[in-house]
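See below for the structure under consideration.
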Amino acid sequence: MIQILSEGDGKGMLLSMEHLTKVYPGGKTAVDDFNLEVEKGEFICFIGTSGSGKTTTMRMINRMLEQSSGTIKINGEDIAQMNPVKLRRKIGYVIQNVGLMPHMTIRDNITLVPKLLKWPVEKRNERAKEMIKLVELPEEFLDRYPSELSGGQQQRIGVIRALAADQDIILMDEPFGALDPITRESLQDLVKDLQEKSGKTFIFVTHDMDEALSLATRVVIMSYGKQVQVDTPDNILRHPANKFVADLIGQDRLIQARPSITTVGQVATKAISAREDQTLKQALGEMHTKRVDTLLVTNNEGKLTGFVGIERLNHYYGSGKRIGDIMDSNVFYVRKDSVIRDTVDRILKRGFRNVPVIDDDGKLIGIVTRATLVDIVYDALWGEADKSNSNDSGQTKETEDNPDKEAGKTESQAEVTQTTEDGDQK
Amino acid sequence: MQNMNIFQQLFYYFAHNGMYVLSQFDRHFLISIYGVVFAAIVGIPIGIFIAKHRKLSGWVIGIANVIQTVPSLAMLSLIMLALGLGVNTVIVTVFLYALLPIIKNTYTGMLNVNADVLDAGKGMGMTRVQILRLIEIPLSLSVIMAGIRNALVLAIGITAIGSFVGAGGLGDIIIRGTNATNGGAIILAGALPTALMAIISDSVLGFFERKFDPTNKTSQ
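Chains as they are written, first to last, in numbering that gives the first Met the number 0: chain D, 0 to 425; chain W, 0 to 219.
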């Protein structure tokens, strides 16, 4: 769809950038042939190393910089033909160092653009109250000055200042780069929330991969002014375009991302099964040798048709019936290409000890056991603990490793127990 | 008279010539203020202009510096050649001396406005005039004020010399004291109010300087 629309000269697209190039005086090419189509409501993250041209690209959108060549269109209108001042009033702008006016109250700061647009005072005051509620700050703050707020609170104001005049596009230039990790996380949640509620389009520049992956609907990875990969976070994790992208994502994240993108088929183990036309004696023999109490039943083409447990087998043993006659055909299964992340809850909640996995033709290809799921949950949590470790300095890692692993383990166990209880209740 | 000490003489002088001292005080202050106000009217725009055109700043501040190095008595005499005796000569001299601190401080104040705030202002869609009016001037006002404060204290000193060219002011009283035998009390009668004026102007403008400082802004 994007392809078709892009041929229609960017119509239907909120923002379209074509062959954008920026050469700074002195011959340094900051942005080289940048192309991007952005639909309304998208959350685009530009990510790359320093000097990759991500900020330059973003600043060309509100004409804080002029491109050397190429066009940027908003709603099909070339911004080079627009009055830059009017253009900027329609685009929200959040910068890393907040840039609140220190001599104005928070109220005046929030309603700065509405004031430039000559909204009446009552409407501005109303908007200021609305906005400050959005970021969960008390209304008394409206009469304070920026220096009386903490860094995180200031950036909250910075964010709503960019939204106060109903701007359609919000540009954010590493807005949370200067904040501590906890504040940063709460602001990321806030921004994601605001974006989803308001349906506005965000262009977000960052060099923090976690931030990009958790916030964006699409990520634009840039290096030396060129786009390296433009895709959804899931696809980037699954198929990094090249080594640069893989390095940028980091091996940790690629491993950690596994549970979220691994399919059931990839983790399924070999199933113990019997055919419908086998006798009960054969089935019991199979159970005995493989040390299991339940057999999955397939027909002659290998399609899953049901299962049979030891109780039922015992009940009918010696009646001369075939497995097909006594099996329970009400079997719960998952398809091999469903993603673990989506499946794990369902599996655990049903309280099954194992779940058969079938392919597109309905053929049995394996099972996922509760043990498999425990492994995955454990990996995810352990991976998390590992990662927070590696953020510390290298020297302390060795000593801190063990307690953290322990913590990760207990946590993962707790999680599993919890889920089982849930399943039992249902 | 001879049996009074210098402070008694001073008191006596004030008691008998109080209104005269007051009128000279008034005149002195107005001459200084006029010179500084004209300098501010000219100097602040120049300061803003050279802050926007940094290449010119070296030249402009250089010229103002040269003016500053001319001894004030020489400057008064030079200007007297053109404007003759009288109060206008002193006002022009004060104006010239007040230019440097005002231009320099305006320039510094403008350059010290936080680049992030300017970036945010421009990015939100302020015109150049709005950036100047809503951001740059309010944020550099305290530094500009400090320049005016310097200029005014300087001006009060220069005006005292201005009585050589017949402008009047407290300088008249001082000169009368120097011409009289045992005129110490009369000198003091002119010098003390001059010093007082300088101190009061300095502290009043200092108060405004702090008041305009954006970093001191709080809701209390």
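Quick reminder that beta carbons are idealized off the backbone N, C-alpha and C, glycines included.
Only a predicted model underlies this, so the values are computations on that prediction, with no experimental measurement involved.
{"Item": "In whole angstroms, what separates the C-alpha of W:ILE220 from that of W:GLY85?", "Value": "Lying before the first or after the last residue shown, residue 220 of chain W is absent from chain W, which here runs from 0 to 219."}
{"Item": "Kindly provide the ranges of any alpha helix (DSSP H) runs that are 4 or more residues long and lie completely inside the region 99-143 of chain W, ordered along the chain.", "Value": "114-122"}
{"Item": "Does D:PRO101 come within less than 8 Å of chain W when only Cβ atoms are used?", "Value": "yes"}
{"Item": "Compare the C-beta of D:GLY150 with all C-beta atoms of chain W and state if any pair is closer than 8 Å.", "Value": "no"}
{"Item": "Please check the pair D:ILE366 and D:ASP358, which I expect to be a contact at CB under 8 Å, by giving their CB distance rounded to whole angstroms.", "Value": "That pair is no contact at about 13 Å."}
{"Item": "Can you tell me whether D:LYS85 is buried or exposed, with buried defined as 16 or more other CB within 10 angstroms of its CB?", "Value": "exposed"}
{"Item": "Taking a Cβ distance cut-off of 7 Å, strictly less, list which residues of the region 128-147 of chain D are near chain W, in chain order.", "Value": "ASP142, ARG143, TYR144, SER146 and GLU147"}
{"Item": "CB W:PRO192 to CB W:PHE24, shorter than 8 Å?", "Value": "yes"}
{"Item": "Quick check: W:ILE78 and W:THR68, are their CB atoms within less than 8 Å of each other?", "Value": "no"}
{"Item": "Report the residue from D:GLU38, D:MET130, D:THR54 and D:GLN166 whose alpha carbon sits nearest the alpha carbon of D:ILE220.", "Value": "D:THR54"}
{"Item": "Is the separation between the beta-carbon of D:ASP142 and that of D:ARG106 shorter than 8 Å?", "Value": "yes"}
{"Item": "Rounded to whole angstroms, what is the Cα-Cα separation between W:PHE211 and D:PHE243?", "Value": "51 Å"}
{"Item": "Using the three-state DSSP reduction, which class does D:ASN34 fall into: helix, strand or coil?", "Value": "strand"}
{"Item": "Along chain D, which residues have their Cβ under 7 Å away from the Cβ of W:MET125?", "Value": "LEU115"}
{"Item": "Should the region 28-45 of chain D be regarded as contacting the region 221-236 of chain D, the criterion being three or more beta carbon pairs within less than 8 Å?", "Value": "yes"}
{"Item": "Within the 8 Å Cβ cut-off, does W:ASP115 reach chain D?", "Value": "yes"}
{"Item": "Grouping DSSP H, G and I as helix and E and B as strand, with all else coil, what is D:ASN329?", "Value": "coil"}
{"Item": "Keeping to the same chain, check which residues put their C-beta closer than 7 Å to that of D:THR205; ignore five residues upstream and five downstream.", "Value": "CYS44, ILE46, GLU173 and ALA211"}
{"Item": "Would you identify the three-state DSSP class for W:SER218, choosing helix, strand or coil?", "Value": "coil"}
{"Item": "Does any CB atom of chain D fall closer than 8 Å to the CB of W:SER139?", "Value": "no"}
{"Item": "In chain D, which residues lie with their C-beta within 7 Å of the C-beta of W:SER218?", "Value": "ASP142, ARG143, TYR144 and GLU147"}
{"Item": "If you measure from the beta carbon of D:ILE94 to each beta carbon in chain W, is any gap under 8 Å?", "Value": "yes"}
{"Item": "Can you name the residues of chain D whose CB is closer than 8 Å to the CB of W:THR214?", "Value": "PRO101 and SER146"}
{"Item": "Quick check on DSSP: helix, strand or coil for W:PRO213?", "Value": "helix"}
{"Item": "Please tell me whether D:MET57 has its Cβ less than 8 Å away from any Cβ of chain W.", "Value": "no"}
{"Item": "Taking the alpha-carbon positions, what's the W:MET123 to D:HIS102 distance?", "Value": "17 Å"}
{"Item": "Would you mind telling me which residues of chain W sit closer than 7 Å to D:GLY98, beta carbon to beta carbon, in chain order?", "Value": "ASP115, VAL116, ASP118 and ALA119"}
{"Item": "Do you know how far the Cα of D:LEU111 is from the Cα of D:LYS122?", "Value": "13 Å"}
{"Item": "Can the beta-carbon of D:LEU303 be found less than 8 Å from the beta-carbon of D:VAL330?", "Value": "yes"}
{"Item": "Report the CB separation of D:VAL97 from D:GLN153 in whole angstroms; it is logged as a contact under 8 Å.", "Value": "5 Å"}
{"Item": "Label D:PHE140 either buried or exposed according to how many other C-beta atoms from any shown protein chain fall within 10 Å of its C-beta, with 16 as the threshold for buried.", "Value": "buried"}
{"Item": "At a CB-CB cut-off below 8 Å, which residues of chain W make contact with D:GLN88?", "Value": "At residue 88 of chain D the sequence reads Arg, which differs from the Gln that was named. Within 8 Å Cβ-Cβ: MET123 and GLY124."}
{"Item": "Can you tell me where the beta strand (DSSP E) holding D:ILE282 begins and where it ends?", "Value": "Per the sequence shown, the amino acid found at residue 282 of chain D is Ala instead of Ile. Not the beta strand (DSSP E): D:ALA282 falls in the alpha helix (DSSP H), residues 279-289."}
{"Item": "State buried or exposed for D:HIS314, treating a residue as buried only when at least 16 other CB atoms are found within 10 Å of its CB.", "Value": "exposed"}
{"Item": "Return the residue from the list D:ASN299, D:GLY319, D:GLU300 and D:GLU285 that minimises the CA-CA distance to D:GLY308.", "Value": "D:GLU285"}
{"Item": "To the nearest angstrom, report how far apart D:LYS362 and D:LYS269 are at their CA atoms.", "Value": "13 Å"}
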